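Protein sequences appear in the order of chains A and B.
The C-terminal residue of the first sequence carries number 362 in this note's numbering, and the numbering is unbroken.
The C-terminal residue of the second sequence carries number 1362 in this note's numbering, and the numbering is unbroken.
Glycine residues also receive a C-beta, built at the ideal position from the N, C-alpha and C atoms.
As the structure is a prediction and not an experimental result, all values here were calculated from the model.
Below is one structure, written out as structure tokens; comments come after it.
Protein chains: 2
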Amino acid sequence: MSRRMFPVVAALQPIWLRKNFLAQYTSRAFSSQILKSPSLLSLDRADSWCSASKQSDHLAIQECSNNWTAEIIDGKAIAEGIRSRIASEVRQMKELIGEVPSLAVILVGQRRDSQTYVRNKIIASEEVGIRLKMIGLPENCTESEVCNALCRFNEDPSIHGILVQLPLPQHLDEAKILNAISLEKDVDGFHPLNIGSLAMQGMEPLFIPCTPKGCIELLLQSGIEITGKKAVVIGRSNIVGLPKSLLLQRHHATVTVLHAFTKNPEKIAREADILVTAAGVPNLVRASWLKPGAVIVDVGTNPVEDPRSEYGYHLIGDVCFDEATRIASAITPVPGGVGPMTVAMLLYNTLESARRAFKFTY
Amino acid sequence: MSRRMFPVVAALQPIWLRKNFLAQYTSRAFSSQILKSPSLLSLDRADSWCSASKQSDHLAIQECSNNWTAEIIDGKAIAEGIRSRIASEVRQMKELIGEVPSLAVILVGQRRDSQTYVRNKIIASEEVGIRLKMIGLPENCTESEVCNALCRFNEDPSIHGILVQLPLPQHLDEAKILNAISLEKDVDGFHPLNIGSLAMQGMEPLFIPCTPKGCIELLLQSGIEITGKKAVVIGRSNIVGLPKSLLLQRHHATVTVLHAFTKNPEKIAREADILVTAAGVPNLVRASWLKPGAVIVDVGTNPVEDPRSEYGYHLIGDVCFDEATRIASAITPVPGGVGPMTVAMLLYNTLESARRAFKFTY
Chain A
1 MSRRMFPVVA ALQPIWLRKN FLAQYTSRAF SSQILKSPSL LSLDRADSWC SASKQSDHLA
61 IQECSNNWTA EIIDGKAIAE GIRSRIASEV RQMKELIGEV PSLAVILVGQ RRDSQTYVRN
121 KIIASEEVGI RLKMIGLPEN CTESEVCNAL CRFNEDPSIH GILVQLPLPQ HLDEAKILNA
181 ISLEKDVDGF HPLNIGSLAM QGMEPLFIPC TPKGCIELLL QSGIEITGKK AVVIGRSNIV
241 GLPKSLLLQR HHATVTVLHA FTKNPEKIAR EADILVTAAG VPNLVRASWL KPGAVIVDVG
301 TNPVEDPRSE YGYHLIGDVC FDEATRIASA ITPVPGGVGP MTVAMLLYNT LESARRAFKF
361 TY
Chain B
1001 MSRRMFPVVA ALQPIWLRKN FLAQYTSRAF SSQILKSPSL LSLDRADSWC SASKQSDHLA
1061 IQECSNNWTA EIIDGKAIAE GIRSRIASEV RQMKELIGEV PSLAVILVGQ RRDSQTYVRN
1121 KIIASEEVGI RLKMIGLPEN CTESEVCNAL CRFNEDPSIH GILVQLPLPQ HLDEAKILNA
1181 ISLEKDVDGF HPLNIGSLAM QGMEPLFIPC TPKGCIELLL QSGIEITGKK AVVIGRSNIV
1241 GLPKSLLLQR HHATVTVLHA FTKNPEKIAR EADILVTAAG VPNLVRASWL KPGAVIVDVG
1301 TNPVEDPRSE YGYHLIGDVC FDEATRIASA ITPVPGGVGP MTVAMLLYNT LESARRAFKF
1361 TY
């Protein structure tokens, strides 16, 4: 679509919809060097249905044993490998064009868990050579103060990714603030346009939300097949459960999403070949929720008070880990599973954004 | 977000993201007069999970008989009621502000089924007082000819909805053409931003795609409860299966989407309280796919050659109707089920768009 042909439309549309901006970036396999995740477009398949009887013939009856000792999926190690490849690409970028990716973080208030998360992101960014700018605002700051900070980052061409650390204090309108982030810098991928593109076959979002992308990468790097598997996602939040279910569906899993209105979630969960928990409820998922041999991705990061810990708490997941290890075939631990992958994906999305901004390819 | 605060952001954003365009239209219950469907925002509920044992206590074991005689959901009659209420609102609009909604249709080529669909839309529009402009282009027209026609409709303030009749001839890029429709006039609701807003809690799309919206309205007008029900959607197309699954989830159903990679779809379908079929395969769903007492919404409209019919074919659904009526508690017929509702929702979306354009409220 040229601007000449559609002067009015072009004027109304932001840059990422103009000049085939999306098409320009969607067909390249940016991820080929760093991640196993393929582009979503490359996954699209025509849904040709065969007759019922034929489908039944194809049925592989899964024989499951009750004597599993689950493989612990080492998210920390996998994330380290990804960060190391990101670091190498950042070095190449610096050598070839004298530029590095740059991430801006806005932290409001003094929440200790938020401070920990931001500190982890700062350390991870520094390690891979991504420049990080942080603005800290007081707990009682106004919405315009946050928005003004955001606006400066939006306008600053040297910034490639912007992250507002959640949760925000209650007096601030979280949705409004998140929607004010420039789409080209929305490395968290929470904008509805990104979510829509994630959902629709034939589309590729500018950014895939970090936690769901990290979960898929964990599965792929652990050699776990997704196509045709029954996946159950517990939780439907905009930032984890929903995008995770959409991403699994793009990978051709048969997906069911459980939420607080689901009747008998335990029974449905027990059908899952791949179970993703993102409910935010400690130990919600007990042994009776699990199919023998299932793969479990535990996204829950629930702080539990712990005076012996350096920060006064430690994290546990949504899954009763000890029970699960005796039933599942593979499981991500908390901490050390999905968490480090989320950070690695944030760095990856920031690098990808910088590549676009600099039109940087090898 | 004021323009003063974010001059750059505002300049990059189209009008529907500026000046709280979305917020302005999402809180009003436009549909209260014509449809039973509530605004999606009004459906949002916090997902508070209770413990496993408590959830099991709530379990209502469904006792199903095998002796159902399914209620036939009369989509034709329900759609007629909606069209009559639309006609009444169009008359009021004309009386009060001297304007009527206006829908533009672009038809490429001579496909007989497309001609039938367009003819039905023309008749339905005329009946309710919506002005319809149609452009017919030859089968071998170029992409720019279609885009030029589209562009004129985009720029024309007297047009409130634009519809490109699908499928387009193979030499035309369907996605590119659909994406060129102005968002404020995309009454089919297929833009990724609409799909993203449909998926995300806390958001309301500008337009909900007509067929999925029509299916939900059929359920609501038939007094069928959706919250907490197990819904299975067969098919994941961008225009029916996907938005339908997202909409059911916003209505708090527990949704599973089946597609051609699903193993043993029959078994999963048999768990459904509400089964929506949009696979486009005649008689895919047999008796063995159905739970006794299930509600079936058959979106399949498969033409079958029929020399005795006026147009040389008749339509059948994805569901083996005779078998299903003996097992389901309610079923939509083909034709006369979802089809007329799709047309009614197109008229509704066009009216809604005109209301926005004229800032028309009572």
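Residue(s) in a DSSP beta bridge with residue i
i         : result
Val100/A  : Answer is none; Val100/A lacks a bridge partner.
His1314/B : Val1304/B
Met200/A  : BP columns for Met200/A are empty, so no partner.
Glu71/A   : Ala330/A
Val319/A  : Val285/A
Ile1296/B : Leu1275/B and Ile1331/B
Leu107/A  : Gly136/A
Top-ranked residue by Cα proximity to residue i, from the options
i         : options                                       : result
Ile122/A  : His251/A, Val255/A and Val343/A               : Val343/A
Val281/A  : Ser288/A, His259/A, Gly337/A and Ile268/A     : His259/A
Leu315/A  : Gly189/A, Asn140/A and Gly337/A               : Gly337/A
Glu225/A  : Ala357/A, Leu96/A, Ala330/A and Gly161/A      : Ala330/A
Gln1092/B : Gln1033/B, Thr1325/B and Cys1210/B            : Gln1033/B
Arg1131/B : Val1187/B, Ile1159/B, Lys1359/B and Ala1077/B : Ile1159/B
Arg1270/B : Ser1084/B, Gln1165/B, Val1233/B and Ser1088/B : Val1233/B
Gly202/A  : Ser37/A, Leu41/A and Lys36/A                  : Leu41/A
Arg355/A  : Leu220/A, Tyr311/A, Phe261/A and Gly161/A     : Gly161/A
Val146/A  : Ile177/A, Ser125/A and Thr116/A               : Ile177/A
Thr227/A  : Glu204/A, Thr211/A and Val255/A               : Val255/A
Asn283/A  : Ala124/A, Ala324/A and Glu310/A               : Ala324/A
Leu1168/B : Pro1192/B, Gln1115/B, Phe1207/B and Ser1125/B : Gln1115/B
Arg1083/B : Pro1192/B, Glu1352/B, Tyr1348/B and Phe1360/B : Tyr1348/B
Contacting residues, own chain, Cβ-Cβ under 8 Å from residue i (five flanking each side not counted)
i         : result
Met1134/B : Ala1104, Val1105, Ile1106, Leu1107, Val1118 and Ile1122
Leu1043/B : Arg1250, His1251 and His1252
Gly75/A   : Gly214, Leu218, Thr332, Pro333, Gly336, Gly337, Val338, Gly339, Pro340 and Met341
Trp1289/B : Pro1265, Glu1266, Ala1269, Arg1270 and Leu1275
Gln1170/B : none
Cys1151/B : Ala1180
CB contact below 7 Å: residue i versus chain A
i         : result
Leu1163/B : no
Val1297/B : no
Gln1170/B : no
Ser1222/B : no
Gly1300/B : no
Gly1196/B : yes
Asn1140/B : no
Pro1192/B : yes
Ala1294/B : no
Ala1149/B : no
Thr1211/B : no
Met1200/B : yes
Met1093/B : no
Gly1228/B : yes
Residues near residue i in its chain [Cβ-Cβ closer than 6 Å; skip 5 each side]
i         : result
Ser957/B  : Nothing about residue 957/B can be read from this structure; chain B reaches only from 1001 to 1362.
Val1285/B : Thr1277, Asp1318 and Val1319
Leu246/A  : Leu198 and Ala199
Ser222/A  : Ile73
Ile274/A  : Lys229, Ala231 and Val295
Arg1236/B : Leu1242, Val1257 and His1259
Leu96/A   : none
Contacts around residue i, its chain only, beta-carbon distance under 7 Å, and the 5 residues preceding and following it disregarded
i         : result
Asp113/A  : Pro303
Asn1238/B : Phe1190
Val1100/B : Val1090, Met1093, Lys1094, Gly1129, Ile1130 and Arg1131
Arg1212/B : The sequence shown places Pro at residue 1212/B, rather than the Arg named in the question. These residues qualify, in order along the chain: Val1240, Pro1243, Lys1244 and Leu1247.
C-beta neighbour in chain B for residue i, strict 7 Å
i        : result
Phe261/A : yes
Leu242/A : yes
Asp57/A  : The predicted position of Asp57/A is uncertain, since its pLDDT is 34 and thus under 50; a value taken from the coordinates is nonetheless stated next. It does not: the Cβ of Asp57/A has no partner Cβ on chain B nearer than 7 Å.
Asn349/A : no
Ala278/A : no
Asn238/A : yes
Ala175/A : yes
His314/A : no
His252/A : yes
Ser48/A  : yes
Met203/A : yes
Beta carbon proximity, residue i to chain E, threshold 7 Å
i        : result
Met345/A : Among the protein chains of the structure shown, namely A and B, there is no chain E.
Exercise for the section: Within the segment 206-291 of chain A, note down every full beta strand (DSSP E) run reaching 3 residues or more, in order along the chain. Expected result: 230-234, 254-258 and 274-277
Practice task
Please go through the segment 1112-1172 of chain B and give each complete beta strand (DSSP E) segment of 3 or more residues, from N-terminal end onward.
Solution key: 1131-1137 and 1161-1164
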